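K.L.:
Residue numbers (my numbering): 303 to 441.
Take a look at the structure:
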């Protein structure tokens with residue numbers, strides 16, 4: 303067990319996927335503070351207006367209403383205080399243009415959501431373990 307405070311922002315419009323992500327991270331004790339927002343507009347409002355919450359990791363879906371994940375990524379990576387926050391795209395999109403554009407904008411990892419339930423849970427757990435336990439970010 304680790305005792306550092308973990309703050310994760312989950313940006314996901316699918317209630318089912320969001321619940322599965324949140325449950326998995328909590329099951330593996332990877333989320334002391336976890337916030338879920340349902341679309342890109344809500345994510346940007348939250349990140350740019352709530353100065354007391356600077357997540358250590360953002361899990362970002364791409365295909366969302368209002369503001370899509372690509373635009374969220376673009377705005378974050380242009381923001382001086384937010385651009386170093388690790389962003390992992392977790393999406394159903396296998397489109398090459400989405401992958402290329404995400405990396406061009408500075409995403410840290412691009413993961414296609416597994417369709418299989420158990421593989422999805424394992425992928426989320428592995429993401430959390432790597433980014434929150436193994437990875438050493440700058441201070």
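Built from N, CA and C at the ideal position, the CB exists for glycine as well. Keep in mind that this is a model prediction, so the values were computed, not measured.
Can you find at least 3 beta carbon pairs, one from the region 411 to 420 and one from the region 372 to 383, that sit closer than 8 Å?
P.N.:
At 8 Å Cβ cutoff, the stretches do not touch.
K.L.:
Would you mind giving the Cβ-Cβ distance between residue 313 and residue 374, rounded to the nearest angstrom? I have them listed as a contact below 8 Å.
P.N.:
If you number the chain shown from 1, residue 313 lands on position 11. If you number the chain shown from 1, residue 374 lands on position 72. Indeed they touch by this definition, with Cβ atoms about 7 Å apart.
K.L.:
With 16 as the cutoff for other CB atoms within 10 Å, does residue 435 come out buried or exposed?
P.N.:
For the purposes of this step, residue 435 is taken as residue 133 along the chain shown, with counting starting at 1. That one is exposed.
K.L.:
With a cut-off of 8 Å, do at least 3 Cβ pairs link the region 341 to 353 to the region 361 to 377?
P.N.:
Cβ pair count under 8 Å is three or more, so yes.
K.L.:
Closest to residue 429 by C-alpha separation, out of 377, 331, 316, 356, would be which residue?
P.N.:
Numbered from its first residue, the chain shown carries residue 429 at position 127. When each option's Cα is compared against that of residue 429, the closest is 331.
K.L.:
Give the single residue among 351, 396, 345, 397 whose Cα lies nearest to the Cα of residue 389.
P.N.:
As a working note, residue 389 is residue 87 in the chain shown. When each option's Cα is compared against that of residue 389, the closest is 345.
K.L.:
Exposed or buried, what is residue 445 when buried is set at 16 or more other beta-carbons lying within 10 Å of its beta-carbon?
P.N.:
The chain is shown from 303 up to 441; residue 445 falls before or after that span and cannot be answered.
K.L.:
In the DSSP assignment, what residue or residues form a beta bridge with residue 309?
P.N.:
Here the question's residue 309 lines up with position 7 in the chain shown. BP columns for residue 309 point to 335.
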